[in-house]
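Single-structure report; data block below.
Protein chains: 6
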Amino acid sequence: MLKEIGYVEVGQPFEGFLLIKSATKGVASNGKPFLTLILQDSSGEIEAKLWEATEEDEKTFTQEQIVKVAGDISQFRGKPQLRIQQIRPSQPTDGVRLQDFLAKAPVEVNQLEERLTEAIFEMENPNIQRIVRYFIKKYEKELFLFPAAVKNHHEYVSGLAHHICSMLNIARDLKHQYDDINQDLLYAGIILHDLGKITELSGPAAPNYTTEGKLLGHISIMAEEIGKAAEELSIEGEEVLLLKHMILSHHSKGEWGSPKPPLIREAEVLHLIDLIDAKMNMMNRALQKTKPGEFTERIFALDNRSFYRPVFEKKD
Amino acid sequence: MLKEIGYVEVGQPFEGFLLIKSATKGVASNGKPFLTLILQDSSGEIEAKLWEATEEDEKTFTQEQIVKVAGDISQFRGKPQLRIQQIRPSQPTDGVRLQDFLAKAPVEVNQLEERLTEAIFEMENPNIQRIVRYFIKKYEKELFLFPAAVKNHHEYVSGLAHHICSMLNIARDLKHQYDDINQDLLYAGIILHDLGKITELSGPAAPNYTTEGKLLGHISIMAEEIGKAAEELSIEGEEVLLLKHMILSHHSKGEWGSPKPPLIREAEVLHLIDLIDAKMNMMNRALQKTKPGEFTERIFALDNRSFYRPVFEKKD
Amino acid sequence: MLKEIGYVEVGQPFEGFLLIKSATKGVASNGKPFLTLILQDSSGEIEAKLWEATEEDEKTFTQEQIVKVAGDISQFRGKPQLRIQQIRPSQPTDGVRLQDFLAKAPVEVNQLEERLTEAIFEMENPNIQRIVRYFIKKYEKELFLFPAAVKNHHEYVSGLAHHICSMLNIARDLKHQYDDINQDLLYAGIILHDLGKITELSGPAAPNYTTEGKLLGHISIMAEEIGKAAEELSIEGEEVLLLKHMILSHHSKGEWGSPKPPLIREAEVLHLIDLIDAKMNMMNRALQKTKPGEFTERIFALDNRSFYRPVFEKKD
Amino acid sequence: MLKEIGYVEVGQPFEGFLLIKSATKGVASNGKPFLTLILQDSSGEIEAKLWEATEEDEKTFTQEQIVKVAGDISQFRGKPQLRIQQIRPSQPTDGVRLQDFLAKAPVEVNQLEERLTEAIFEMENPNIQRIVRYFIKKYEKELFLFPAAVKNHHEYVSGLAHHICSMLNIARDLKHQYDDINQDLLYAGIILHDLGKITELSGPAAPNYTTEGKLLGHISIMAEEIGKAAEELSIEGEEVLLLKHMILSHHSKGEWGSPKPPLIREAEVLHLIDLIDAKMNMMNRALQKTKPGEFTERIFALDNRSFYRPVFEKKD
Amino acid sequence: MLKEIGYVEVGQPFEGFLLIKSATKGVASNGKPFLTLILQDSSGEIEAKLWEATEEDEKTFTQEQIVKVAGDISQFRGKPQLRIQQIRPSQPTDGVRLQDFLAKAPVEVNQLEERLTEAIFEMENPNIQRIVRYFIKKYEKELFLFPAAVKNHHEYVSGLAHHICSMLNIARDLKHQYDDINQDLLYAGIILHDLGKITELSGPAAPNYTTEGKLLGHISIMAEEIGKAAEELSIEGEEVLLLKHMILSHHSKGEWGSPKPPLIREAEVLHLIDLIDAKMNMMNRALQKTKPGEFTERIFALDNRSFYRPVFEKKD
Amino acid sequence: MLKEIGYVEVGQPFEGFLLIKSATKGVASNGKPFLTLILQDSSGEIEAKLWEATEEDEKTFTQEQIVKVAGDISQFRGKPQLRIQQIRPSQPTDGVRLQDFLAKAPVEVNQLEERLTEAIFEMENPNIQRIVRYFIKKYEKELFLFPAAVKNHHEYVSGLAHHICSMLNIARDLKHQYDDINQDLLYAGIILHDLGKITELSGPAAPNYTTEGKLLGHISIMAEEIGKAAEELSIEGEEVLLLKHMILSHHSKGEWGSPKPPLIREAEVLHLIDLIDAKMNMMNRALQKTKPGEFTERIFALDNRSFYRPVFEKKD
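And the structure:
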């Protein structure tokens, strides 16, 4: 595993351990079965073909299995493809673990925990603070494991907490600039806004949408959970209404999934900060893979744009 | 009160009791104050000017006051206007009551109650039936008082229940035609779909949007209430999820206020029946005021169309 | 032909008679020619590959030929594919007929005829009734053969008549609910609205758009035909104008092909009933192929949605 | 009538004959009735107020009456208004005629007739030529009287013929440039494309939409008329289909009223020429009323733009 | 001038100095001329009517004249209106100055200058720094006088510099959070992005669009100016291209006036910061005029939304 | 080279010289490398597969190499494909030149030069004429080499000049019809409108977008160049402003790349003529490849329409 799979180049050989993200059977034009595998490590993923696959192969090389593989990187329909020469399942003696093959946030979990604790500590309104603590406790495990999305941005282990903490930092700075902002509301909105994804998605590794996620969506799920939490905590008053509103409106427009547009200042700010952090995450990761003087791949969630990396900067 | 205010014609005199729907002060070009009153009875409303209004007048002629008024119907900017010659507040001896001046559903409340009871009685799924009963009980008073909307369709006393009962009838017929429809789900969706309006709107007479209504909307309010009801009734299972989904999706599209599009058959049918009954209500009332061979006023909620009333039909 | 082609599963063998819907020649990566066949019976269709096809094969296996075929069902790009092991054209002694391989309406033709006759019999306006009779006579053959569309809904033999009869039933029920509806106009609009498809499409089996269909469209074609019919029958008056308007407006919006939006009540109702029956047809058929607890394939004409089939219902 | 009404300036007096385009009764804030008159001559129109109007005035000053009027031009809500000091109906001895007060095309009718004759004479295809001749004959009177639209462009007497002839000239020039164009088709499309307006509109002076116009529209009306004409003339063949298609598609898009987009070259060219001539007509007339260095009024039908008239050109 | 005009309430008297923003003549229904004045001080503006205006009044009360006025605040079409009882032009002895009646930024000019100097000082890239200095020098006077827009946000004296400095602060904070951002590019983009408005608008008081502004727009004006500046300074290279791109793309979309969408990271960030500062400016000012528990007026540039001011916060 | 590659038919053999437009390596399902070549001559292009390609082949058959090739035309995914049997690079003795394999305008360069000279000669305004001459001189070489676009219309050698000259002819004719048009402005706008493409695109053969082209676009590039040219020529005045405006607005709408819509008559006309010539170019070329009675391929840039070629015309 000299080179990670996200950084190989066409024409090079590859040898190392990879995780099978998905496995699909096909039949080649010569009538023989083959397997199409998506293989990944924490740096990225690649499509691979295992030609003339036996029934044994089909049973062995399945989703979430770690394999040791050797082959060459060729090009297929403009994308790199790994042509497998040797492949075997990993064995206990190999000493490889599932979590080593998943992408994760570039910040340590304990740092994320600290940042979150600090933000809650700063809250002055007891109602808001209690509701937020309730959810931190309820989801203490998932919060630091789940991604913030299935794809596009922060789609890695701890992505949800990473996204929240970046947003808290921006919120703190904007509060300095625009003093009228209610910091408690904004911090609470940021911490809670995407917790519905814990119900909407199936889990931290290779997440899918649950049936509840598809039929209700994380926005409605979380708005309702706030109502229930307030009831359990016997909290009444405008704060509950406003927190629900912030969750409902944080996608800003009906066609983007929000049943109400932001109608309080902090809801509008929440939406803007969410936008910034998601966009920065997408742009930065795409640009880091791009050489100066070249354009990134098209980024679907950024209106399918390719971004240019300038030459004039000092850099690698 | 020989003729109701919805049926007067320009050039005619008018004398009778009317309810003040709103009163606004203005200053005329000669510098003297006047009052612009919107006056209504159960047949419609008219704008009226009370020129050279005294301070006494201002205090007397306020919203929700019933008045006895005499004057002429003239035309102003293409719409009829009542020019007031005499006006006085109603007195106990006049024997007039607020409810007599509000438009109401063309069906009696007890008939609506019966239809609703019948529909619930037909339900076979006990979970669905219990949830529906819970809400009928909770809102037994408001359900037969509230309008179905602030304007456009069924915007009269008992409008909500009238709308529900019409929809139940259509649902029963469609079930005959398309047997795969789950009648329990569809009936429940129809009965519950707009109950959030009881929280969203301020009341049955001259309704406005409440703050909760503006910040959450009747769709999110009701989806959450179903969750709470199920919890109180200790009901778990797919039925709760599906009922919430039907509420969330019954406006069909994000830009029309639904955070999810219909993703089960009965949700799609609920949306279609809602559409039919709202449109029929608007068209029928506009056409009843239109002479054969003429076009109705433009109906904003029907893409601003004017509808033609054919000549060839038997006249009524 | 133990199992119909619409119900086979990947990994199973298949043997039976099928109709060739289309045949296309290709060249494999080994340089040898092959045939891609779309094979169908009344339950559905499947793609099949005939590798190393001879010139003889090319001439034999052409569109509308019935074949006896044996092979295995594999998966290709996520869709089932039939890998042909044996294939031969059908022979007179096989006793198979073209019509047995086409999908058809789930209602018998004579029932459709009866329903139509009944609706026309109920008409009271002689002008409307005569025009409708004229077209029933003119298209008595095609009406019960043509599909209602090339794809999406009622795209099977007798689909057009099946669609009309379902719509008539809904119209009858709505007339009970909303008595102001003019039943003659609505029934006539339903019966005539899609008859232009008989000119727009090439025929009942594997229909394509004709040049006239592409350049004029079924809406304009039928509006003009009504004009001509009225002239032949010496009918003058508003009914002709209104029937033409109903045809022109039944797609509701300019961007959906209607040069005028509905401007009479019955035209609006016609559009709504058309919408309901088309949507129910699509949803019901997709859900019948879906197991409880799963989602249907995406349905393009329903905004590309997948519909969920609930678990809690009684299974069938 | 020293100055025409389209050219008066605020602050100036006015005296002369004008035609009453519309008359509406109102009641002033002092309770006295007044008349709002729209007065016009061939150069433009102006709003006028007749304060303290008697019942006699109401009966005298009605639509299509010519009046002699004296007053001042003031400004009201940013637009000029004529404050009437003296007004009387015209008398036979005044020697004024209705047609003198209507705007008309800047080209003589006989020139328009000649141009049309020339274009038809050049046609080589006998089917197309016969159909065009049929309509020229059928509408020989209206064709040279009707406007091309109710407002926006060519909305004056002979506007329809003026629009057709300008378009024929552009078509002749484009044929030189792009020889593949079929001139017969294009000329015929131009001559016929708006003839449906003769049925859609009520007449040459102060035109309104007829019921037939509202329910069918000039596009569908004319497409059907071509079908009937061909039948009467016993013409069959592709030319009829193509001419109908050109009529149906000349508004280019569904949302602009065309049930089909242009699908033959000449239909696309017809649409483009129509666009050019309509736009030039609107721009030129607006700019002629604008001083160099200033912007025109906003032109609604040109996306509400104001156009700048350059200073550097030779002034006229 | 006890109370500023932006804070008066309907029913109260007003007396004090105000600036005439615009003056328009009208004619009342009694035939007498009147003046509609828009009067302003630094807190806001109000419409006022001067009834029975003499010719002398017309000449005296013109745009940019300061007047002393006494009257009452009434309501007209839902907006406050000042009914003038006494009015006279200001005199030298009144000691009032034009600039005292214009709204200005809530930050002192020298603070804005300092912030700008600091940002330029931090720049490391000499090319970028020189170009920015060039423009600061070129527009040293206008930069601290001009508003950032004609209406909506920062539409006050020094608004442009105020907007720039707020944006610089946010940029500094985002650079801390997302280290990959090129600070020089982003700072330069912020400082230059709206300088084209100095050419697009007529001046700091009551600004209009210039002809150049209307025909080219501030975006194209400024992109060209950067090109010229680079040429004068003999600067070549990627920095010039990138700065032009940032100007061209800072409105983000074609339909919002940008001929190119952001295609470098710093251009995207520039757009987002611009959005935040404009929105915060609009929301904060509207909310400051709103009582807790109420909604602001509709803000057109924020999708016509009304924002709610919560009750639970500490009041100010 | 009996038949050009744009006119071959499936099933036929092909032998002749072709230019390699692009070459991509792939790996077949049997594990052996192959080359996908796009081969072109001046009539069109075709995809070709070179199976079992050696390393030698990879180095030999690269972009812009001319090759002699023999093989058969087969069909692949509905498009013709050339199956290579023999291939070799061209040799000096073959006497073939690069330019012979590029599509070029159907008009000779010297004719285009003459037309351009004539138009400039007719100009009366010396400022406009000098600016146009400046650019003709500056780009005298590229102007007659570059295409007008990368794809869709006039995408061949001299396409830019061909497009300009066609547009000049239409402009001349429109000037006859609408005399108010300022011919100097319109001619200048036509000649200059797309010259920015010379910077935006990489060159006349197989053009790509340059980085400058991607970040600024030809519209902004050219508007700036006009400013610089005017400065060099010491020309001031409205003409410069208007020419810049015409460049900026010639795509008509923000979403089509114009930062300003046309706000002078000649800018609107420029846009319309551009539209006509681009559309005619696309339609004519597609129809020339289509048999009478058939439809063209879908043309993406014409809203994905297929155009019908009538049967009734004289065949060519």
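Residue numbers (my numbering), protein chains in the order written: chain U, 1 to 316; chain D, 1001 to 1316; chain G, 2001 to 2316; chain Z, 3001 to 3316; chain P, 4001 to 4316; chain V, 5001 to 5316. Glycine is no exception: its CB is placed at the ideal position from the N, C-alpha and C atoms. Bear in mind the structure is a predicted one, so any value in this text is a computation, not a measurement.
Please list, in chain order, the chain D residues whose beta carbon lies closer than 8 Å to that of residue i.
{"i": "His245 (chain U)", "result": "Leu1215 and Leu1216"}
Name, please, each residue of chain V whose Cβ falls closer than 9 Å to the Cβ of residue i.
{"i": "Ala2026 (chain G)", "result": "A small correction: the amino acid at residue 2026 (chain G) is Gly; Ala does not occupy that position in the sequence shown. Chain V residues near Gly2026 (chain G): Ser5074, Gln5075, Phe5076 and Arg5077."}
Determine the chain P residues that contact residue i at a beta-carbon separation under 9 Å, and present them in chain order.
{"i": "Tyr3187 (chain Z)", "result": "Residues of chain P passing the Cβ test: none, with the nearest at roughly 38 Å."}
At 7 Å on the CB atoms, spell out the chain V contacts of residue i, in chain order.
{"i": "Ser3166 (chain Z)", "result": "Gln5177"}
By the DSSP assignment, the beta strand (DSSP E) with residue i in it spans what residues?
{"i": "Phe3295 (chain Z)", "result": "Unbroken run through Phe3295 (chain Z): none, as it is neither H nor E."}
{"i": "Thr5036 (chain V)", "result": "Pro5033 to Asp5041"}
{"i": "Glu1052 (chain D)", "result": "Taken as a continuous stretch (DSSP letters only), Glu1052 (chain D) belongs to no beta strand (DSSP E), as it is neither H nor E."}
{"i": "Gln2085 (chain G)", "result": "Lys2079 to Pro2089"}
Listing by chain order, which chain G residues have their CB less than 7 Å from the CB of residue i?
{"i": "Leu1102 (chain D)", "result": "Residues of chain G passing the Cβ test: none, with the nearest at roughly 24 Å."}
Who are the neighbours of residue i on chain B, taking C-beta pairs under 7 Å?
{"i": "Ile1264 (chain D)", "result": "Among the protein chains of the structure shown, namely U, D, G, Z, P and V, there is no chain B."}
Which chain D residues sit within Cβ distance under 9 Å of residue i?
{"i": "Leu241 (chain U)", "result": "Thr1211, Glu1212, Leu1215 and Leu1216"}
{"i": "Asn2169 (chain G)", "result": "Asp1173, His1176 and Gln1177"}
Whose Cβ in chain P lies nearer than 7 Å to the Cβ of residue i?
{"i": "Glu313 (chain U)", "result": "Asn4182"}
Name the chain Z residues whose beta carbon is nearer than 8 Å to that of residue i?
{"i": "Gly5237 (chain V)", "result": "Phe3312"}
Under DSSP, the alpha helix (DSSP H) around residue i begins and ends at which residues?
{"i": "Glu4239 (chain P)", "result": "Glu4238 to Ser4249"}
What residues of chain G sit near residue i, judged by a beta carbon separation below 9 Å?
{"i": "Pro3259 (chain Z)", "result": "Leu2216, Gly2217, Ile2219, Ser2220, Leu2248, His2251, Gly2254, Gly2257, Ser2258 and Pro2259"}
Output, in chain order, the set of chain Z residues within a Cβ distance shorter than 7 Å of residue i.
{"i": "Ala2223 (chain G)", "result": "Ser3220 and Glu3224"}
Starting from residue i, find everything on chain V with Cβ-Cβ shorter than 8 Å and list it in chain order.
{"i": "Asp3303 (chain Z)", "result": "Pro5261"}
| request: Decide yes or no for the touch test of the region 3062–3081 of chain Z against the region 3126–3139 of chain Z: beta carbon pairs closer than 8 Å, at least 3 of them. | output: Short answer: they don't touch.
| field | alpha helix (DSSP H) runs contained entirely in the region 5125–5158 of chain V, provided each spans 4 or more residues | value | Correct list: 5126–5138.
| Using Cβ-Cβ distances below 7 Å, what residues of the region 3122–3146 of chain Z are close to chain V? | Listed in sequence order: no entries.
| Name the residues in the region 3199–3213 of chain Z whose C-beta lies less than 9 Å from a C-beta of chain D; which are they? | Within the region 3199–3213 of chain Z, the residues whose Cβ lies closer than 9 Å to some Cβ of chain D are Thr3211, listed in chain order.
| Can you find at least 3 beta carbon pairs, one from the region 213–222 of chain U and one from the region 1194–1203 of chain D, that sit closer than 8 Å? | The region 213–222 of chain U, when compared against the region 1194–1203 of chain D, does not touch it at the 8 Å Cβ threshold.
| task | Take every Cβ of the region 2303–2313 of chain G, pair it with every Cβ of the region 1230–1242 of chain D, and state whether three or more of those distances are shorter than 8 Å. | result | Three or more beta-carbon pairs separated by less than 8 Å link the region 2303–2313 of chain G to the region 1230–1242 of chain D, which places the two stretches in contact.
| query | What residues from the region 2044–2074 of chain G come within 7 Å of chain Z, judged by C-beta to C-beta, listed N to C? | reply | Cβ contacts with chain Z come from no residue of the region 2044–2074 of chain G.
| task | Using a Cβ-Cβ cut-off of less than 8 Å, list which residues of the region 2268–2286 of chain G approach chain D; keep chain order. | result | Cβ contacts with chain D come from Glu2268, Val2269, Leu2272, Leu2275, Ile2276, Lys2279, Met2280, Met2283 and Asn2284.
| query | Pairing CB atoms from the region 1074–1086 of chain D with CB atoms from the region 3019–3036 of chain Z, are three or more of them under 8 Å? | reply | As far as the Cβ criterion goes, the region 1074–1086 of chain D touches the region 3019–3036 of chain Z, which means the pair count is three or higher.
| message | With a threshold of 8 Å, are at least 3 pairs of Cβ atoms found where one atom belongs to the region 138–153 of chain U and the other to the region 200–209 of chain U? | response | Result yes; three or more Cβ-Cβ pairs closer than 8 Å.
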